[in-house]
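Each residue of the first sequence is one higher than the last, beginning at 1 in our numbering. All C-beta atoms in this analysis are idealised placements derived from N, C-alpha and C, irrespective of residue type, glycine included. As the structure is a computational prediction, the values presented were derived from the model and not from experiment.
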Amino acid sequence: MPRHWLFKSEPSVFSIADLARVKSTSWDGVRNYQARNMLRDDVKLGDKVLIYHSNAEPTGIAGVGTVSMPGHPDETAFDRRHEHYDPKSLRENPTWFLVDVRHEQTFPHVITRDMLGSDPVAKGMMVLRKGSRLSIQPVTPDEFKAVLRLAK
DNA sequence: GCCAACGTTGGC
DNA sequence: GCCAACGTTGGC
Numbered sequence: 001m002p003r004h005w006l007f008k009s010e011p012s013v014f015s016i017a018d019l020a021r022v023k024s025t026s027w028d029g030v031r032n033y034q035a036r037n038m039l040r041d042d043v044k045l046g047d048k049v050l051i052y053h054s055n056a057e058p059t060g061i062a063g064v065g066t067v068s069m070p071g072h073p074d075e076t077a078f079d080r081r082h083e084h085y086d087p088k089s090l091r092e093n094p095t096w097f098l099v100d101v102r103h104e105q106t107f108p109h110v111i112t113r114d115m116l117g118s119d120p121v122a123k124g125m126m127v128l129r130k131g132s133r134l135s136i137q138p139v140t141p142d143e144f145k146a147v148l149r150l151a152k
């Protein structure tokens with residue numbers, strides 16, 4: 001039984017349209033320990049991912065992806081010239097992990113925070129909580145279904 | 001651009 | 001281990 005997640009991205013950096021174009025990507029650059037733990041331990045092959053556009057117009061959920069490869073080390077942390085380079089992360093003992101995500105669908109319209117907040121189920125989502133900065137968040141099956149309904 | 005909320009760092 | 005200072009996130 002696949003689990004459900006919400007991954008944040010600033011669309012000016014990487015958007016659902018970018019994901020649709022490249023088909024599949026390594027979700028690199030997550031540099032938060034709580035998010036790391038989920039990427040390393042909890043996000044499994046086949047899990048569904050809501051792609052959330054933050055710092056955007058409109059802000060909200062833009063589509064769905066599927067986990068095509070579970071947690072493995074984030075190679076960008078080893079690359080001295082990469083902006084996500086972290087000298088503390090060593091190949092023999094990596095600090096940072098990522099998963100690969102394949103594009104599944106782009107919603108016909110972004111599901112805005114207002115729309116989520118108006119839905120009796122979706123309004124409970126972590127992403128709506130004030131100060132919710134976690135970039136990898138768990139989503140319940142019911143919340144996921146509610147978002148898909150709102151996307152129609 | 002503002003600023004509240006949060007995570008991390010580092011002095012003690 | 002505490003906690004103030006700092007940097008970042010992200011909605012508005």
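- Counting every other CB atom within 10 Å of its CB across the protein chains shown gives proline 108 a total below 16, marking it as exposed.
- With 16 or more other Cβ atoms from the protein chains shown falling within 10 Å of its own Cβ, valine 64 counts as buried.
- The shortest CA-to-CA distance from serine 15 to any of Pro70, Lys152, Gln137 and Pro58 is the one to Pro58.
- Rounded to the nearest whole angstrom, the CA to CA distance from proline 73 to isoleucine 136 is 16 Å.
- Per DSSP, glutamate 143 lies in no beta strand (DSSP E); the unbroken alpha helix (DSSP H) holding it starts and ends at 141-150.
- Residue ranges of uninterrupted beta strand (DSSP E) with 3 or more members, entirely inside the segment 16-93 and ordered along the chain, are 24-26, 48-53 and 60-73.
- Note on tyrosine 33: under 16 other CB atoms within 10 angstroms of its CB, so exposed under the neighbour-count rule.
- The beta carbon of alanine 35 sits closer than 8 Å to those of Leu134, Ser135 and Ile136, all from its chain and outside the five residues before and after it, given in chain order.
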